[in-house]
Amino acid sequence: MSLLIRGGTIVNADGEMRADVYCEDGLIKAIGPDLEAPRDARVVDAGGQYVMPGGIDPHTHMQLPFMGTVASEDFFTGTAAGLAGGTTMIIDFVIPAPNTSLLTAYDQWREWAEKSCADYSFHVAVTWWSDQVREDMGTLARERGVNSFKHFMAYKNAIMVPDENLVQSFARCLELGAIPTVHAENGELVYHLQAEVLKMGITGPEGHPMSRPPEVEGEAANRAIRVAQVIGNPLYIVHNSCREAVEAITRARLEGQRVYGEVLAGHLLIDDSVYRHPDWDVAAAHVMSPPFRPKEHQEVLWRALQSGILHTTATDHCCFCADQKAMGRNDFTKIPNGTGGVEDRMSVLWHHGVGTGRLTRQEFVKVTSTAAAQIFNIYPRKGSVSVGADADIVVWDPKATRTISAKTHHQKVDYNIFEGMSVTGNASTTISRGKVVYEKGELKVEKGAGRYVNRPTFPTVFEAVAKVNAARALKPVQRQQEKAAE
Ligand code: URQ
Ligand code: ZN
Ligand code: ZN
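Below you can see the structure in the form of structure tokens.
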């Protein structure tokens with residue numbers, strides 16, 4: 001099956017050019033002006049539009065069992081919704097219950113993801129520690145294409161890991177050439193503050209941000225950064241939401257430490273006033289962690305994204321409908337945490353990023369696709385419109401406008417955090433491995449067409465990083481020894 005995308009302007013993270021793209025057998029086979037194509041090739045007219053790498057959302061939770069319920073979006077509906085918005089790959093999370101096998105959990109998530117209609121991969125969460133966990137991390141890294149391991153520093157008495165396990169797991173990641181990632185909130189402080197807020201008689205969603213102030217995130221971000229520095233790892237911090245986290249990353253990066261930061265489309269545009277909405281359901285629909293912050297944090301996040309202190313954008317797509325959120329009707333700590341966004345991330349970032357001049361088109365491609373592919377070691381197979389890459393492409397109409405609403409979105413959830421937002425810049429045609437899967441507002445997806453993407457470990461980078469960081473960490477010790485020897 002072959003496809004010719006004609007008349008568009010290709011935008012990659014490192015350049016733009018007016019050229020056609022020819023795809024065959026799921027790969028990009030040729031790029032150039034006025035390409036000829038076989039007579040039976042499907043032709044997509046991209047005149048006046050941009051031809052970009054399909055979006056990669058490095059942070060989703062389809063059908064996640066969490067807080068006593070299961071996220072409403074599954075791998076089929078969630079990847080379909082992503083395709084409708086120009087996202088052609090997700091990196092989801094295997095989250096084993098503590099004291100259960102990482103490999104068994106991995107197999108379970110692989111089975112759930114069989115129904116995906118776009119490509120996918122998995123970070124694996126380390127939610128407890130034992131020799132078996134250590135061994136399973138090796139199997140996952142060496143034989144299952146997992147090169148990133150997640151650590152929740154929050155969610156005490158559930159999936160949170162203490163510092164001891166962070167250290168053990170980070171050390172194991174270094175051995176394997178895998179990158180540790182963290183959800184950076186101090187779970188002990190959250191637990192303490194939740195009790196304090198409830199004692200004040202505050203049970204509604206307005207209590208959620210009160211129990212997780214930015215300092216709680218800044219402390220954990222810095223702690224993870226320091227652990228990575230001493231052990232010698234690079235580090236990826238997910239969903240940075242506030243100034244305090246950005247400051248921690250900035251300091252580390254200015255010292256040459258290899259720390260990568262992710263920001264959610266929601267945290268860039270939604271503020272904490274949502275928690276004071278008079279309608280309980282609306283306020284509860286926005287309960288996620290870290291919470292939406294006071295408005296002033298948004299400018300910090302945008303500038304960090306523009307200046308390369310934050311690298312990727314994601315959604316943390318983890319949907320719960322009103323009846324599920326109502327589990328916390330009398331106690332905000334019981335409201336399942338999570339919101340959606342996989343369908344709207346790219347339009348929202350184009351409208352508020354490129355549309356305002358904050359981001360160039362190339363920077364847009366970088367933060368919605370290429371950076372995630374590079375950090376998680378699947379570039380240029382993914383995250384690039386180049387010969388030999390997977391034909392995961394979005395034809396982007398910079399003039400198309402739409403108003404985002406739960407009434408019209410494809411996401412399987414009854415609320416949209418961007419409800420009512422009018423955005424200019426939308427996917428007109430989405431192509432997944434050389435097949436048109438979305439065009440003229442219609443999804444043309446096939447359940448199960450998505451495939452698992454192996455992500456190789458990267459020992460070489462780690463050797464270099466480890467040497468630099470270990471040398472820096474040991475310097476004080478050497479100085480003492482030199483003094484003693486004088
Ligand atoms: O913390 C996460 O990333 C998962 C459990 C989704 N929920 C959320 O509130 N972010
Ligand atoms: Zn998280
Ligand atoms: Zn998450």
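Position 59, counted from 1, in the sequence shown is what full-length UniProt numbering calls 59; the numbers after and before it change by one each time, with no gaps.
Using N, Cα and C, we set each Cβ at its ideal position, and we do this for glycine too.
For ligand 1, I want to know if residue i counts as a neighbour, meaning its beta carbon is within less than 6 Å of at least one of the ligand's heavy atoms.
i, result
"Ser241", "no"
"Ser211", "no"
"Gly78", "no"
"Asn337", "yes"
"Ser72", "no"
"Ser289", "yes"
Is it buried or exposed for residue i, if we count other Cβ within 10 angstroms and need 16 for buried?
i, result
"Ala265", "buried"
"Met346", "buried"
"Ser289", "buried"
"Ala330", "Sequence check: residue 330 is Asn here, not Ala. With fewer than 16 other Cβ atoms within 10 Å, it is exposed."
"Pro162", "exposed"
"Lys440", "exposed"
"Leu254", "exposed"
"Arg276", "exposed"
"Thr87", "buried"
"Pro278", "exposed"
"Gly308", "exposed"
"Asp20", "buried"
"Met89", "buried"
Using the Cα positions of residue i and residue j, report the straight-line distance between them to the nearest angstrom.
i, j, result
"Asn99", "Trp129", "8 Å"
"Tyr106", "Tyr415", "29 Å"
"Gln63", "Ile91", "14 Å"
"Gly54", "Leu198", "44 Å"
"Leu83", "Asp323", "27 Å"
"Thr430", "Val437", "6 Å"
"Arg134", "Glu16", "44 Å"
"Arg144", "Asn454", "7 Å"
"Thr457", "Cys173", "10 Å"
"Cys242", "Arg42", "46 Å"
"Phe332", "Lys150", "25 Å"
"Val395", "Glu164", "47 Å"
"Tyr260", "His311", "6 Å"
"Asn337", "Asp390", "34 Å"
"Pro291", "Ala285", "12 Å"
"Gln480", "Ala471", "14 Å"
"Val477", "Lys483", "10 Å"
"residue 489", "Thr401", "Residue 489 is absent from the model: the chain starts at 1 and stops at 486."
"Trp280", "Glu206", "9 Å"
"Arg142", "Val423", "43 Å"
"Glu299", "Asp25", "43 Å"
"Pro294", "Leu301", "12 Å"
"Gly388", "Val216", "44 Å"
"Glu36", "Leu359", "34 Å"
"Tyr379", "Ala13", "12 Å"
"Ser386", "Ser2", "16 Å"
"Ser273", "Gly204", "14 Å"
From this set, the options, which residue's C-alpha is nearest residue i's C-alpha?
i, options, result
"Gly187", "Gln168, Ala221, Glu486, Phe418", "Ala221"
"Arg39", "Tyr22, Ser116, Gly85", "Tyr22"
"Phe76", "Val167, His410, Phe376, Asn233", "His410"
"His192", "Ser211, Pro205, Pro180", "Ser211"
"Ala46", "Gly145, Asp74, Val11, Ala224", "Val11"
"Lys334", "Pro33, Asp34, Ala30, Met67", "Met67"
"Thr315", "Val44, Asp281, Ala372, Val282", "Ala372"
"Ala228", "Glu217, His239, Glu244, Ala252", "Ala252"
"Ala283", "Gln298, Lys325, Cys318, Leu268", "Lys325"
"Ser405", "Leu103, Leu189, Gly341", "Gly341"
"Phe364", "Ile231, Tyr379, Gly383, Val274", "Gly383"
"Gln306", "Trp280, Glu262, Asp397, Asp272", "Glu262"
"Ile159", "Tyr50, Asp131, Phe93, Cys117", "Phe93"
"Ile375", "Val146, Glu296, Met52", "Val146"
"Ile237", "Ala224, Lys435, Arg381", "Ala224"
"Lys435", "Gly8, Arg6, Leu27, Ala19", "Leu27"
"Thr60", "Ile202, Ile95, Ile31, Asp131", "Ile95"
"Ala195", "Asn240, Glu185, His208", "His208"
"Leu103", "Ala125, Ala113, Glu114", "Ala125"
Is there at least one non-hydrogen atom of ligand 2 closer than 6 Å to the beta-carbon of residue i?
i, result
"His286", "no"
"His183", "yes"
Should residue i be counted as a contact of ligand 3 given a C-beta to heavy atom distance under 6 Å?
i, result
"Asp316", "yes"
Counting only beta-carbon atoms, is residue i nearer than 7 Å to chain B?
i, result
"Val274", "Within the model displayed, chain B is absent; a lone protein chain is all it includes."
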